[in-house]
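Note that full-length UniProt numbering has the sequence shown beginning at 1, numbered continuously upward.
From the three backbone atoms N, C-alpha and C, an ideal C-beta is built for every residue, glycine too.
Just so we're clear, the structure is a prediction, and the values are computed from it rather than from any experiment.
Inspection log for the structure reproduced underneath, given as structure tokens.
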Amino acid sequence: MCEAFTDPLWRISVHLSPVEVDLLRSEPLRRLHFIAHGGASTITTLQSYSRLEHSMGVLSLVSHFRPDDQVLRVAALVHDIGHLPLSHTFEGVADLNHHSIGTDLLRVDPLRAVLARNGISAEAVVAVLGNGSASPLSSHSGLLNLDHLDSYVRSGRAAGRLDADPVALLDRLVLQDAVLSTDRETAGTLVDLVCAEARLHTSWDNVGPVSVVRRLVCRLLDSGAADPYRLARMTDPQLWSAFDSLEATRAEGTMLRYEPHRLRVVSGEAPDDPSAWVHTLRKIYSSAPLVDGDRIEASAPELAAALDHLSSCCRSDLEEWASNGSLVRVTVACCGHEGRASW
């Protein structure tokens, strides 16, 4: 592992500290190289970059805004270590939660030992990542943090919808306490990326593959072929291999990877079928920077209205594909409302 790198998106040159080098050589960080940031949508889109690439991007942003805050830099590197294979795709199945898994991993070896050896408390890193902390990595209601900034901009580039130069974008952003602030034009660019990401999350490209993978994961768990903890620590290739190894998941897992075009998504209600299953799109991410130090509700109400409109992206969909004379039907509902699906 080299002791310096330049992030290809932000074009920030980062000199890695000894603890950062040690972390990047550890199994929990190396594993992220084999976890797709885009989850199951990597099957149907060009969102092929990894969780490790995103984590390095967040480290780059922290090194830009807070170069001497070593605990924050470490938190940036490890903030996604708890992610399941295919990222958010089957979050919540068997009560699996990447935040709690990540916290547990920080408190045990090898990460605990790496941090202690370099004079850093695992609990200090956990605190920085907590939602109640005054940290530019944690969630503040409706406000853009560094983690989501990298996600939106990196996804926008991968999808070909990023018109702005990321370097110029970064030059117009400042950290006001722990919150990003910018001018009205740059805020508009970022809100456009947020809205585009929401449209991706509610589109066929994401909803279709996600609903199928979640169902296959449930079959895998029900069969006893994998327990929740073992499943949570798989990489993406290991998950696909697990699907291939079980008769109950093999055919549909293969069809999803090699014939996703057969999966159709249309608006509609599922039939009243006792064999139906439920899929829920749990969350649409929506956040914005401050505009000249004020929340957009006051400083740019038209941008706030655009984000409020995201709730209308939520809809019930019917998915189907033909397989050996059968019709796969999946009804998907968004924003916490459940839909039903059946064969």
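Pair within 7 angstroms by beta-carbon distance, residue i and residue j
i	j	result
D7	S87	no
Q47	A158	yes
S181	V174	yes
L52	L32	yes
L256	V212	yes
P136	L146	yes
S287	G142	yes
Coil, strand or helix - residue i by DSSP
i	result
R295	coil
A322	Bear in mind that the predicted position of A322 carries a pLDDT of just 45, short of 50, making it unreliable; the figure below should be weighed with that in mind. Reduced to three states, the DSSP call for A322 is strand.
A4	strand
S17	coil
A288	strand
L170	helix
L180	strand
S139	coil
R264	strand
S55	helix
A248	helix
L84	strand
L29	helix
S50	strand
A300	coil
A187	helix
L175	strand
Inter-residue Cα distance where the pair is residue i and residue j
i	j	result
L9	S151	11 angstroms
A40	P209	6 angstroms
S155	V58	13 angstroms
R295	L303	10 angstroms
T249	E27	28 angstroms
G119	I101	23 angstroms
L144	R112	29 angstroms
V207	T44	10 angstroms
H37	T235	12 angstroms
S245	L84	19 angstroms
H140	S241	38 angstroms
P289	S55	20 angstroms
D68	P260	47 angstroms
A4	A251	44 angstroms
R214	T254	15 angstroms
L193	L307	11 angstroms
A164	S138	25 angstroms
R219	A225	9 angstroms
H64	D171	10 angstroms
F90	L310	22 angstroms
S13	R230	36 angstroms
Below-7 angstroms beta-carbon distance, residue i vs any chain D residue
i	result
V62	Looking for chain D here will not work: only one protein chain is present.
Assigned exposure category for residue i - 16 Cβ within 10 Å defines buried
i	result
H148	buried
D22	buried
E185	exposed
P237	exposed
H15	exposed
T42	buried
V114	buried
D205	buried
E20	buried
D80	buried
G82	buried
A122	buried
Other residues of its chain near residue i: CB distance less than 8 angstroms, five sequence neighbours each side excluded
i	result
A134	D177 and A178
G188	A300 and L303
E197	S151, Y152, S155, G156 and Y285
V126	T103, L106 and R107
S50	L32, H33, F34, I35, A36 and H37
V291	S181, T182, D183, R184, A187, S299, A300 and L303
P166	L9, W10, R11, V153 and R157
V74	V19, E20, L23, L115, I120 and V125
Neighbourhood of residue i by C-beta, 7 angstroms cutoff - its chain only, sequence neighbours within 5 removed
i	result
P228	A94, L96 and L221
S223	L246 and A248
Same chain, Cβ closer than 6 angstroms to residue i, five either side skipped, listed in chain order
i	result
R161	A196
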